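For reference, each letter of the sequence shown is one residue, going 5 to 326 in the working numbering.
C-beta: ideal position from N, C-alpha, C; glycine also.
What you are looking at is a predicted structure, and each value in this text was computed from that prediction instead of being measured.
Written below as structure tokens is the structure these notes are about.
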Amino acid sequence: MAILGVTANISGSTFTPIDCVVVSYDSNTFINENNFTESKLDDYNMKYVEAVNNSNLLNLIQFFNASEEIYAMETARNYLTSKKIKVIIAIPVDFSELLIWGYPGLIECISDSSDFQKIQENLNAVYDSIKIFVNQNNLTPQFEVSGFEEFSIPEGYSFKYNYNMVLVLSFMVIGVGMVSTILIIVQEKPIARLLLTPVKRAEILSAKYITYTSILIIQDLSLVVCALAFGLYVVGSLFDLFLALFILGFTGLAIGIFISTLSKTKTQANQLFFATFLVLILLSGIFIPIDAMPIYLQIIAYALPLSHISAASKSCVIINMV
Numbered sequence: 005m006a007i008l009g010v011t012a013n014i015s016g017s018t019f020t021p022i023d024c025v026v027v028s029y030d031s032n033t034f035i036n037e038n039n040f041t042e043s044k045l046d047d048y049n050m051k052y053v054e055a056v057n058n059s060n061l062l063n064l065i066q067f068f069n070a071s072e073e074i075y076a077m078e079t080a081r082n083y084l085t086s087k088k089i090k091v092i093i094a095i096p097v098d099f100s101e102l103l104i105w106g107y108p109g110l111i112e113c114i115s116d117s118s119d120f121q122k123i124q125e126n127l128n129a130v131y132d133s134i135k136i137f138v139n140q141n142n143l144t145p146q147f148e149v150s151g152f153e154e155f156s157i158p159e160g161y162s163f164k165y166n167y168n169m170v171l172v173l174s175f176m177v178i179g180v181g182m183v184s185t186i187l188i189i190v191q192e193k194p195i196a197r198l199l200l201t202p203v204k205r206a207e208i209l210s211a212k213y214i215t216y217t218s219i220l221i222i223q224d225l226s227l228v229v230c231a232l233a234f235g236l237y238v239v240g241s242l243f244d245l246f247l248a249l250f251i252l253g254f255t256g257l258a259i260g261i262f263i264s265t266l267s268k269t270k271t272q273a274n275q276l277f278f279a280t281f282l283v284l285i286l287l288s289g290i291f292i293p294i295d296a297m298p299i300y301l302q303i304i305a306y307a308l309p310l311s312h313i314s315a316a317s318k319s320c321v322i323i324n325m326v
């Protein structure tokens with residue numbers, strides 16, 4: 005019997021093999037407690053590594069023997085946080101011995117949690133390797149999913165709340181920034197004032213930027229403080245999160261001023277705002293993965309600010325990658 009204990013790190017169609025490493029703490033040496041004789045057991049951990057290599061859904065980057073490399077798991081975790089791999093598969097002590105004597109063996113899986121939508125794909129790939137392993141060795145698998153993640157949200161916090169706040173904060177900041185400035189030229193007509201006063205055009209625009217930037221700073225601080233007060237857990241740097249939101253909001257101000265410059269009426273400015281905001285959301289990569297889009301849409305998506313800032317906010321809140 006083999007039991008798969010999935011310790012998820014939080015994380016159908018054309019499938020790209022999932023990059024992974026295998027860390028083995030198993031030993032195929034058995035010491036008899038009665039006479040202290042040493043005997044060799046069937047090395048099941050290498051048979052599982054062979055199953056990983058035979059799986060079309062997994063791409064084995066490296067195999068670590070933790071009995072020889074004491075920093076094996078630390079190295080594997082560094083690979084995970086630096087995005088070199090998506091999954092760590094750990095084979096615990098006495099894995100081979102337990103299987104030989106008919107007891108449950110355990111295989112632990114630590115999945116990348118930075119992309120919540122791909123966690124199931126990572127687990128499916130590990131399940132495939134388990135299926136190959138048990139078929140080759142006449143074992144009966146049992147799957148157990150455990151929610152105590154190594155790099156996840158601590159007890160007392162909600163991962164769903166964290167993940168949803170990434171979406172809400174991004175939409176609110178860029179949306180409010182655009183709404184604040186889409187009418188500043190159409191409504192106030194600063195060009196006419198420029199003709200009547202000695203004030204330079206750059207000075208008026210700079211004054212508007214300074215004013216709305218000050219409002220933006222207060223807005224971002226308020227959003228972050230309120231989110232923290234209601235249970236937001238920031239894995240990365242709090243300053244990095246604020247900086248990402250500030251850059252996104254400033255971009256929203258610039259887009260709003262650009263829309264106001266192009267528009268001749270308030271109605272036209274409002275219509276351009278909704279059209280632009282809809283495009284930004286659809287091509288942000290939040291709802292539709294950018295990699296799944298056609299090439300020409302990927303080029304446009306990567307040129308838009310929301311696709312980058314949303315990823316930066318996610319890395320601050322969900323997994324420390326900034």
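query: Rounded to a whole number of angstroms, what is the C-alpha to C-alpha distance between L173 and L249?; result: 8 Å
query: Exposed or buried, what is P293 when buried is set at 16 or more other beta-carbons lying within 10 Å of its beta-carbon?; result: exposed
query: Measuring CB to CB, does A273 end up less than 7 Å from I263?; result: yes
query: Could you pull the start and end residues of the alpha helix (DSSP H) that D132 belongs to?; result: 123-141
query: Label S218 either buried or exposed according to how many other C-beta atoms from any shown protein chain fall within 10 Å of its C-beta, with 16 as the threshold for buried.; result: exposed
query: Taking its Cβ as the centre, do 16 or more other Cβ atoms sit within 10 Å of D295, making it buried, or is it exposed?; result: exposed
query: Closer than 8 Å by C-beta to Y306: which residues in its own chain qualify, once you throw out the five before and the five after it? Chain order, please.; result: I294, H312
query: Could you have a look at S288 and say whether DSSP puts it in helix, strand or coil?; result: coil
query: When the Cα atoms are used, what is the spatial distance from S15 to Q66?; result: The pLDDT assigned to S15 is 39, lower than 50, so where the model puts this residue is not dependable, and the model offers no usable value.
query: Within its chain, find whatever has a CB closer than 8 Å to the CB of V53; leave out the 5 residues flanking it on each side and keep chain order.; result: V26, S28, L64, F67
query: Can you grab the Cα-Cα spacing for the pair F155 / R81, in whole Å?; result: Below a pLDDT of 50, predicted positions are generally treated as unreliable, and F155, at 46, falls in that range; the measurement from the model is reported next regardless. Cα to Cα, F155 sits roughly 9 Å from R81.
query: Using the Cα positions of D23 and F175, report the straight-line distance between them to the nearest angstrom.; result: 32 Å
query: Comparing the C-beta of E112 with each C-beta of chain C, is any distance below 7 Å?; result: This model lacks chain C altogether; it includes just one protein chain.
query: Using only alpha-carbon positions, find the residue among K122, N58, I92 that is nearest to F291.; result: K122
query: Under 7 Å between the Cβ atoms of V170 and N126?; result: no
query: Buried or exposed: where does Y107 fall if 16 or more other Cβ atoms within 10 Å of its Cβ makes it buried?; result: exposed
query: Is it right to say I1 is buried, meaning 16 or more other beta carbons lie within 10 angstroms of its own, or is it exposed?; result: The requested residue 1 is not part of the displayed model; the chain covers only 5 to 326.
query: From this set, T215, T185, Y48, G260, which residue's C-alpha is nearest F341's C-alpha?; result: Absent from the model: residue 341. The displayed extent of the chain is 5 to 326, so no value can be given.
query: Give the straight-line distance between the Cα atoms of M191 and K270, rounded to the nearest whole angstrom.; result: Per the sequence shown, residue 191 should be read as Gln rather than Met. If you take the alpha carbons of Q191 and K270, they lie about 7 Å apart.
query: Between T280 and L62, what straight-line distance do the alpha-carbon atoms span, to the nearest angstrom?; result: 40 Å
query: Can you have a look at L227 and say buried or exposed, based on whether 16 or more other CB atoms are within 10 angstroms of its CB?; result: buried
query: Classify S115 as helix, strand or coil using the three-state DSSP reduction.; result: strand
query: Let me know if I222 comes out buried or exposed under the rule of 16 or more other beta-carbons within 10 Å of its beta-carbon.; result: exposed
query: To the nearest angstrom, report how far apart I261 and T185 are at their CA atoms.; result: 5 Å
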